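This report refers to the structure that appears directly beneath it.
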Amino acid sequence: MFLRYSLFRLQKNFRKRGYHENIIVRRYGKRYFKNHSIYDDFLDIFGLALTDEYTISTFERNARLSGNTNEIQRILNSVPSASQKDYTFFYHMLSEVTSEDPDKEKLRMFQPEEARAFMEKYRAGNRKIMEKYFHKSDDLFKINFENIKKWEWNSQHMSEDIIRLLGHTTITLRKENEELRQRIIHLEQASQTQSKAISDLKEKLKHPAKTILSKVLK
1458 MFLRYSLFRL QKNFRKRGYH ENIIVRRYGK RYFKNHSIYD DFLDIFGLAL TDEYTISTFE
1518 RNARLSGNTN EIQRILNSVP SASQKDYTFF YHMLSEVTSE DPDKEKLRMF QPEEARAFME
1578 KYRAGNRKIM EKYFHKSDDL FKINFENIKK WEWNSQHMSE DIIRLLGHTT ITLRKENEEL
1638 RQRIIHLEQA SQTQSKAISD LKEKLKHPAK TILSKVLK
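Below you can see the structure in the form of structure tokens.
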């Protein structure tokens, strides 16, 4: 995947709105993170260090769509009735498929020359970002794409990926439905208990003398 817009243009928009002084820019990538850790890098923004005082309870990683899943996502994005929540759901399901892809070779959606032409549009602006925030005259993103391979429609494992997507989606929806069913059962039980309590209270209010007598006898 490649950035759709120039970061320099984004920075200019922030400047117009007076936000530029509040921007903290960090270069993303394991080799750029402090101590090669995104957690160290994040805390460093606030002048803190990752010590034993901090506990990382869970490790979460955004799956990167590649090849078949990219193409499936592109097609799903064209569904006119889908909302942003639907697109997010599709992405999460495709992320599960990507993590199980038996084809370990990561394919791109551009040919090398297409990738170069695309990135060249934003090269000058992105170099200004490098100069302004990182004080370097290098390219912000790589422009050497000689070793990338473009995904083709008849790519291997497409049918398997579609079946896995269907399987993951079905399992996820079944799980959510079961959780909702259990919640409904719990609410129905609570409602029945409350209804009985209200019914008993009404009965006592109808016959206050009987209620008082029963209390005295106890």
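Sequential numbering from 1458 applies to the sequence shown in the numbering used here.
Glycine is no exception: its CB is placed at the ideal position from the N, C-alpha and C atoms.
These numbers come from a predicted model, not from an experiment.
Exercise. According to DSSP, which residues form a beta bridge with arginine 1565?
Worked result: Your numbering for residue 1565 matches position 108 in the sequence shown. Its beta-bridge partners are Lys1607.
For this session: Locate the alpha helix (DSSP H) running through asparagine 1441, then write down its first and last residues.
Result: Not covered by the structure: residue 1441. The range shown for the chain is 1458 to 1675.
Problem set entry | Cβ contact check for the region 1544-1556 and the region 1619-1628: 3 or more pairs under 8 Å | yes
Exercise. In its own chain, which residues sit with a C-beta less than 6 Å from the C-beta of lysine 1593, not counting the 5 before and 5 after it?
Worked result: On the sequence shown, residue 1593 is found 136 positions in, with the first residue counted as 1. If we look at lysine 1593 and ignore the five residues flanking it on each side, its Cβ neighbours are Met1587.
Exercise. Quick one: is leucine 1597 buried, meaning 16 or more other Cβ sit within 10 Å of its Cβ, or exposed?
Worked result: To locate residue 1597, count along the sequence shown from 1; it is residue 140. Buried, since its Cβ has 16 or more Cβ neighbours within 10 Å.
For this session: Give the straight-line distance between the Cα atoms of phenylalanine 1508 and threonine 1515, rounded to the nearest whole angstrom.
Result: Position 51 of the sequence shown, counted from the first residue, corresponds to residue 1508. Position 58 of the sequence shown, counted from the first residue, corresponds to residue 1515. Note that residue 1508 is threonine in the sequence shown, not phenylalanine. For threonine 1508 and threonine 1515, the gap between their C-alpha atoms comes out near 16 Å.
For this session: Would you tell me roughly how many angstroms separate the C-alpha atoms of glutamine 1568 and leucine 1637, rounded to the nearest one?
Result: Residue 1568 sits at position 111 when you count from the first residue of the sequence shown. Residue 1637 sits at position 180 when you count from the first residue of the sequence shown. Distance between the alpha carbons of glutamine 1568 and leucine 1637 is about 46 Å.
Exercise. Mapping DSSP to helix, strand and coil, what is serine 1616?
Worked result: For the purposes of this step, residue 1616 is identified with residue 159 of the sequence shown, where counting begins at 1. Serine 1616 falls in the helix class under three-state DSSP.
Exercise. Is there contact between the region 1567-1585 and the region 1601-1615, where contact requires at least three CB pairs shorter than 8 Å?
Worked result: yes
Exercise. Taking the continuous alpha helix (DSSP H) assigned at leucine 1507, which residues delimit it?
Worked result: Numbered from its first residue, the sequence shown carries residue 1507 at position 50. Looking at the DSSP string, leucine 1507 is not in any alpha helix (DSSP H), and its letter there is neither H nor E.
Exercise. According to DSSP, is glycine 1582 helix, strand or coil?
Worked result: Start at 1 with the first residue of the sequence shown, and residue 1582 comes out as number 125. Of the three classes helix, strand and coil, the one that applies to glycine 1582 here is helix, per DSSP.
Exercise. Distance, Cα to Cα, glutamine 1541 vs lysine 1659?
Worked result: Working through the sequence shown from its first residue, we reach residue 1541 at position 84. Working through the sequence shown from its first residue, we reach residue 1659 at position 202. Cα to Cα, the separation comes out at about 49 Å.
Problem set entry | Local conformation of glycine 1524 per DSSP, three classes | Taking the sequence shown and counting its residues from 1, one reaches residue 1524 at position 67. Glycine 1524: coil per DSSP, three-state reduction.
For this session: Use the C-beta contact count for serine 1648: other C-beta atoms within 10 angstroms, 16 or more gives buried, fewer gives exposed.
Result: Numbered from 1 along the sequence shown, position 191 holds the residue referred to as residue 1648. With fewer than 16 other Cβ atoms within 10 Å, it is exposed.
For this session: Kindly indicate which three-state DSSP category tyrosine 1489 falls into: helix, strand or coil?
Result: For the purposes of this step, residue 1489 is identified with residue 32 of the sequence shown, where counting begins at 1. Of the three classes helix, strand and coil, the one that applies to tyrosine 1489 here is coil, per DSSP.
Problem set entry | Own chain partners of glutamate 1590 with C-beta closer than 6 Å, once the 5 adjacent residues on each side are dropped | Reading the sequence shown from its first residue, position 133 is the one you call residue 1590. The displayed chain sequence assigns tyrosine, not glutamate, to residue 1590. Val1482.
Problem set entry | DSSP state of threonine 1512 mapped onto helix, strand, coil | Taking the sequence shown and counting its residues from 1, one reaches residue 1512 at position 55. Of the three classes helix, strand and coil, the one that applies to threonine 1512 here is coil, per DSSP.
Problem set entry | Proximity below 8 Å, CB of isoleucine 1513 to CB of tyrosine 1489 | For the purposes of this step, residue 1513 is taken as residue 56 along the sequence shown, with counting starting at 1. For the purposes of this step, residue 1489 is taken as residue 32 along the sequence shown, with counting starting at 1. No. Outside cutoff.
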